[in-house]
Amino acid sequence: MMMKTARLAEELESTVVLEFSCLLDLSLSPSMAFEFVTNYILPRIIDALADEVIPRARRWWTASDSSDREAESDREAESDHEAESDHEAESVREAESDHEAQLTNLRDSLKFIQSMINDAERKQGKESDDSVRLWLQHLQRLAYDVEDVLDECDYEHLRCRVETPGEEERKRNSFTSDIVDKIKDINVRLNKLEERARLLKLVSREFHSTAMQLRKTDSVFGDSKVFGRGDDIKRILGILDDLREKQYLVSGVSIVGMGGLGKTTVARSIYNKAKEEKRYDLVAWVCVSDDFNEETILREMHEHFIKDGERPSSINKLVQELAEGLKKKTFLLVLDDMWDKDQPKWNAFSNRLSRILTTARNSILVTARDEGVASMMKTNLMQNSMQIDKMHKLSDDECWSIIEETILTFSKQTLISSNLKTIGMEIAKKCGGLPLAAAVIGGTLSHESQTSEWKAIRDDAWNLNSKDGNGILSILKISFDHLPSPLKKCFSYCSIFPKDFVIEKDDLVQLWMAQGYLHQPNENSMTMEEVGDAYFNYLLSNSLFQDVQRTSYGEIKYCKMHDVDASEPPDIPANILQRLRSLFIEGKVGAVFNAMASNLKSLRSLKFGGVEFPISRDVDIKELDPALGELKHLRYFDISNRRGYMLPESFCKLYNLQTFRGDSFFDLEWPHDKITSLVSLRHICFDDDGLSILRSIGHLTSLRTLPTFFVDMGEGGGIEELGGLTELRGRLKIQDLEHVRSRLEASKANLKEKTGIRWLKLEWSNFEERYSANEEEVLEGLQPHTNLKSLCIEGYMGKGFPPWMMSGGAIFLSNNLVELELHGWHNCEHIPSLGLLPSLKSLHIDGFENVIRMGHKFDPTKSNSPGGVESIKLFPALRELRLNSLLSLEEWIEVDDDDIAAGGKVEIVFPCLEILKIDNCPRLKIWQMGGFSSHHKLSHLRISKCDELMHIPSMNGLSSLQHLRIEKCFSISGECLRYLTGLKKLKMGPFSFRFGGVPKT
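Residue 659 in UniProt numbering is what sits at position 659 of the sequence shown, and the numbering runs on without skipping anything.
Spelled out as structure tokens, the structure:
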């Protein structure tokens, strides 16, 4: 019943709220909007009432729990209660008859409304349009109320299930009477809407809707290629380098051009290249937007450059810490999307910056639409060191390349027909040389396969010549118009975020879910989160999101809206608080919330935003009003960045709550011992050790997000609590595994069946005196599902690897593992060959104190090819390898040099390796892997504290190496430096007398 109700509520929301609010906002014809309502929405409201609300009211009237049924059965066995039972049955029949009568009235109202039509397009007067708009607004409110009725039924069901196993019949009848009254009210309001429609003289017309096909998918796209901007990127990088050579304290470039030209894309490419190539010691990206605030920019710089410590409470302290932290360091600062031309503000920032800078060769890169912004910066500190670069438009062919690439990426097609390509080329000419326009149109076309649809988009009215740079809005409107109906509301909801706000993808999906937008189409098996992911990917494929940021294993983490889409949220009149469904509060959140808490009857999402600084003159109210627990419809609650706040006891009566977000449980006072009452909870999004206070978490069987689980010997803290949480997704850290005593106990966590876990960390407390003989069995019982992408194991004290991590084990048979980190395996004596993991991109190994030999040569499980030396392909995808504190390691041999000399067939080892760091391996003497050559991509190599290492693999022809650091390696030969023609940064020493110096050739 719960799932059906959720689907119905989501469906009503996605039809009524989504459809005509979006249709009206986009200024579509009132006749079409009304036609949609009368032929599509109202029948579904009536069906909802018929299929769900009234039958459910009957069930509430007659249903009782098991104890009630047993008692009733006993009473019926007694003859003196027969008359009372007959009377009760008659009451039920009368109630059902009344319900049926109400349903008949609703159906009659629908027939009358459907029989009245109006061609509102013939009425051009403003008064008529406003009348239709008002009529639709009343219907929207009606749809909300229908959803609330369904929600209240579900809440009462959950309340009875949690609070008491046997609720009194009197209370149920009282609740049912309230529902019946609301149904009557809905019927009356429908009749009034029908009468009003008559006065508007509306006529009937069939409305056709289109269905959207959804599929489960991972976000593998969103990283747009940079078409036609390669020369721009090279040119600007060259300008920055030339200015740095002149030894200015700070110099820079302002990239200027209209919206949609790709200024931010070019700046992002330069930023990434500077970061990857380590052109600067530090890099920072700041979205400036409309208001140039020097304190905000300095705080962003502090966050990027000074990562440790508390946030400074004053701007002078900020400047002081930045000056100290930037000594002898260079930085690149990107100021994206600058609009403000206020000269005094820039002068004030320049003065602060001059107090920070102690080293020359720093750079600032700016993007702006107005050349006046760039000119303003050419004063004071940067009077002679700031250059302006005007961004040009792309050619028609370059625009078509973007459209074509987008279509082929998102539609999964391999070829575009010649007929469609001809139309597409004509569309490309209308893009006005704007890459954003081409990307958006390409995303829209990727979902259209009919020639007629392509022609309609080609022939639509575009206006890309707007002088204010907002011509791109017409393209975004076309893309919006072609979105499937449910996605329009999802995209419109994003306007609640401020301009340039960085949106966390999972957070956005959870907000959509709280609003009821993620209905499950066609009764398929997709969860709400999976539907949300599909919606997000669809919007992303239309280029309606930008600046995608990914996790290290490739999944989308953050994104932004286009700045041309941003609009200020409207003021909220006090008289609509009771209908408010989303509320984001900043500043003194406690005081603001408490003042309105009792009126938030329909609230679905509550978010306490902003940043609370350590020192504030205005003290907020920390104790939240008990009315918080009366928000029956609340599904999302975020109390991030708030310390010391107290949630009322009633908080655990939020039986519909799906998402609970924050920073620290330790900084929050709340009735955590009653968390099992939150039976609808799906996402607990807290990051720190405060999660250790949770008990009996296994009762929350709908849980999908749980960042950390602490194993405890006490009641409700055992690892078996994870066993029933089959829906867990994303990241999971299991800590204090020393409390698990056997393989059987470990297997109760059921990790092997958790198909949605992508990142897993297994951690034992790192006490030197601790050693468990059972830890090898425990780790064997913690085998994860092969869908895992990232695995970290820390503090494990067993001597060997579990079977599932050995060659031929489950992990090796999977193509999914991308990251592997092994820390503090102090007793481990052997490391199997990890080079056979086909998709592994990052490998960190440290703290293996007892391993003497490692590498493919020493793996006893390897199989040799017949006829001599085996044919191998090791670490085919690895990009980063770090080895640290392998204190007993003497030999590391992946490929034996003697076998190569004997003519054995050996493929390239580490063909994709870019970063290699070897630290604190004092006994390492032999390192063989077949050598590095021109086929390799190694760009960064660091070898430190390897006292006995004399030779490293040949680097003859390794032109890719740019950064080399060798220090405290007292036996190594300088011959390794020969032929490294690509070196840009070299740091060496100290060495012994045996080093022999750097070769001259």
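Built from N, CA and C at the ideal position, the CB exists for glycine as well.
Residue burial classification, residue i (beta-carbon count within 10 angstroms, cutoff 16)
i	result
E168	At E168, the pLDDT of 44 sits below 50, so the modelled position is not reliable and the matter cannot be decided from this model.
T708	buried
S449	exposed
V366	buried
K184	exposed
P648	buried
E775	buried
A746	buried
L583	buried
D290	exposed
Cutoff 8 angstroms: residue i Cβ touching any chain D Cβ
i	result
D687	Among the protein chains of the structure shown there is no chain D, as only one such chain exists.
Residue closest to residue i, alpha-carbon to alpha-carbon, out of the options
i	options	result
E738	E753, K754, F710	F710
S446	L420, N594, F410	F410
R352	V250, D459, S747, D242	V250
R635	C431, C652, A323, G931	C652
K789	D507, E669, K841	K841
Y979	L958, V679, L949, R965	L958
L791	E721, Q783, N750	Q783
W804	S765, K752, L700	K752
P435	N419, D397, T414, D460	D397
M382	M929, L694, P671, S254	S254
T755	R731, E763, F608, T786	T786
F801	H830, N641, F812	H830
S954	S680, N362, W927	W927
L949	L886, Y517, I972, G930	I972
D500	K429, L476, H562, I908	H562
Reduced DSSP category for residue i - H, G, I as helix; E, B as strand; rest coil
i	result
I852	coil
Q247	coil
R369	coil
E169	Bear in mind that a pLDDT of 44 at E169, under 50, signals an unreliable position, so the number given afterwards is only what the model happens to contain. Helix.
N187	helix
N815	coil
S842	strand
C559	strand
W512	helix
S411	coil
residue 1003	Outside the shown range of the chain (1 to 1001) lies residue 1003, about which nothing can therefore be said.
W804	helix
M988	strand
T659	strand
G698	helix
L875	At residue 875 the sequence reads Phe, which differs from the Leu that was named. F875: coil per DSSP, three-state reduction.
L887	coil
V909	coil
V548	strand
F637	strand
W400	helix
Rounded distance between the beta-carbons of residue j and residue i, thought under 8 angstroms
i	j	result
K263	M391	6 angstroms
S385	Y535	S385 to Y535, Cβ: 47 angstroms. No contact.
F848	F875	In fact, because the Cβ distance is near 18 angstroms, the residues do not count as touching under 8 angstroms.
H856	S833	4 angstroms
S605	L158	Rounded, the Cβ-Cβ distance is 19 angstroms, inconsistent with contact.
F545	K560	7 angstroms
D342	F292	6 angstroms
Within 8 angstroms, strictly: CB atoms of residue i and residue j
i	j	result
E426	I416	no
I478	T444	yes
L725	L691	no
D337	C287	yes
K937	H963	no
I306	E295	no
S602	A627	no
N656	K632	yes
T358	L326	yes
Any non-hydrogen atom of the ligand ADP closer than 7 angstroms to residue i Cβ
i	result
S582	Questions concerning the ligand ADP fall outside what the structure shown contains, since it holds no ligand whatsoever.
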